[in-house]
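Following UniProt numbering, the numbering of the sequence shown begins with 1 at its first residue and continues without gaps.
First the structure, in the form of structure tokens, and then the observations on it.
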Amino acid sequence: MLRSLFAGISGLRVNQVMLDVTGNNIANANTIGYKGSSTVFQDTLSQMLTAASGQSPARGGTNPVQVGLGVQVAATSSNLNQGSTQTTGRSTDLLIQGDGMFVTRRSGEQLYTRAGSFTFDNSGTLVTPTGARVQGYKLDAAGQRTGGLSDITLSTAGATPAVPAGVELTSYSIGPDGKLRGLFTDQVQRDMAQVAVADFNNPMGLERVGETSFRESANSGAAQLGVPSEGGNGVLVAGAVEMSNVDLAAEFTNLILAQRGFQASSRVITTSDQVLEELVNIKR
């Protein structure tokens, strides 16, 4: 069977993957916190027809003669560049200006996201639209972190410093440093919690798990937990969210490239079929 036939089939497969990836990017062009993907192709093994030879007294060296056996998908790379900012005016909507991801907990699993469309549920816990709980740190009287990650709530039970009896929370805000500050009826402002952010040595190695969230993988490295504006982490902007970083102009161009690549690979298969037909018809 002709090698070109199978090379054409491999071309159909990889260009179909490119169409799938591009279509998903376009579908999520308005998804908050979505990060676009791109496909990377590489050739497959080549068949050696004639090996290379070195120089000899009688003749010079010769190069190898090889025929490629098609193409395959090498990777689907994530584009983690900052998306555009959309102002919402909602105090619980958060945007990370710079590096880092929000930390959430869903069904006992720790996940990471750039989508900061949050709200407080009926128990006063900060959650995502799908109910995943946003993680952060409790603060002591000096505003320093205490303990490990925990849910961020508006509850004053066990707050440090203690809230006097009869004093109630009247309003709250989240600052650029991620601290949830509450104003109480005694006109005292108290830091209640601080939003956590995570960074990775290789964020492109994170695994997508749906709902605009990621999880650690073997190649992403462990999460480096911290807070906004600390170290290399970005700062928080309240009342805004990060939109998708999909470039529609580039994606429509990729659609054309994938379509033409698919058509060209189809033409290779058609031509190979015609050659085989001629071969079969040599003896009628």
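C-beta atoms are modelled at their ideal positions from N, C-alpha and C, and glycine is treated no differently.
Original post:
Beta-carbon separation of Val65 and Leu49 under 8 angstroms?
Top reply: Yes, Cβ-Cβ distance for Val65 and Leu49 is below 8 angstroms.
Subject >> Beta-carbon proximity of Thr39 to Val71, cut-off 8 angstroms >> reply: Cβ distance not < 8 angstroms, so Thr39 and Val71 don't count as in contact.
Original post:
Should Glu277 go down as buried or exposed, given a rule of 16 or more other Cβ atoms within 10 Å for buried?
Top reply: Counting the other CB atoms within 10 Å of its CB gives Glu277 a total below 16, which places it among the exposed residues.
Original post:
Which one of Val235, Thr76, Phe184 has the shortest CA to CA distance from Ala165?
Top reply: Of the candidates Val235, Thr76, Phe184, the one whose C-alpha sits nearest the C-alpha of Ala165 is Phe184.
Original post:
Does the stretch 193-203 come close enough to the stretch 100-116 to have 3 or more Cβ pairs within less than 8 angstroms?
Top reply: In this structure the stretch 193-203 touches the stretch 100-116; the number of beta carbon pairs closer than 8 angstroms is three or more.
Original post:
With distances taken from CA atoms, which of Asn245, Ser10, Gln224, Leu180 is nearest Ala74?
Top reply: Closest option to Ala74, Cα to Cα, is Ser10.
Subject >> Buried or exposed (CB count within 10 angstroms, at least 16 for buried), Gln55 >> reply: An exposed status is given to Gln55, since fewer than 16 other beta-carbon atoms sit within 10 Å of its beta-carbon.
Original post:
In this structure, what does DSSP give as the bridge partners for Ser174?
Top reply: Note on residue identity: the sequence assigns Ile, not Ser, to residue 174. Under the DSSP definition of a beta bridge, Ile174 partners with Leu180.
Subject >> Reference Arg13, options Asp273, Ser266, Ser272, Gln274, closest by Cα >> reply: For Arg13, the nearest C-alpha among the options comes from Ser266.
Subject >> First and last residue of the uninterrupted alpha helix (DSSP H) at Met192 >> reply: Taken as a continuous stretch (DSSP letters only), Met192 belongs to no alpha helix (DSSP H), being part of the beta strand (DSSP E) at 189-195.
**OP:** Can you grab the Cα-Cα spacing for the pair Leu139 / Ser220, in whole Å?
**Re:** Looking at the two C-alpha atoms, the distance is approximately 29 angstroms.
**OP:** To the nearest angstrom, report how far apart Asn122 and Thr153 are at their CA atoms.
**Re:** Distance between the alpha carbons of Asn122 and Thr153: 11 angstroms.
Subject >> Between the CA atoms of Thr76 and Gln274 - distance to the nearest angstrom >> reply: If you take the alpha carbons of Gln274 and Thr76, they lie about 34 angstroms apart.
**OP:** Specify the secondary structure class of Met101 as computed by DSSP and reduced to three states.
**Re:** DSSP, read as helix, strand or coil, puts Met101 in strand.
**OP:** On a CA-only basis, which of Leu248, Val280, Glu168 is nearest Ala27? Give me that one, please.
**Re:** For Ala27, the closest C-alpha among the options Leu248, Val280, Glu168 is that of Leu248.
Original post:
Quick one, which of Leu236, Leu111, Asn233 has its alpha-carbon nearest Glu216's?
Top reply: Relative to the Cα of Glu216, the nearest Cα in the group Leu236, Leu111, Asn233 belongs to Leu111.
Subject >> Inter-residue Cα distance where the pair is Thr125 and Asp151 >> reply: Looking at the backbone, the Cα of Thr125 and that of Asp151 are separated by about 7 angstroms.
Subject >> Straight-line Cα distance separating Ser244 from Ser171 >> reply: Taking the straight line from one Cα to the other gives about 31 angstroms.
Original post:
In whole angstroms, what is the alpha-carbon distance linking Ala141 and Pro228?
Top reply: Between Ala141 and Pro228, the C-alpha separation is close to 19 angstroms.
Original post:
Roughly how many whole angstroms lie between the Cα atoms of Tyr163 and Asp199?
Top reply: Looking at the sequence provided, one finds Val at residue 163 rather than Tyr. Spanning the alpha carbons of Val163 and Asp199 requires a straight line of approximately 34 angstroms.
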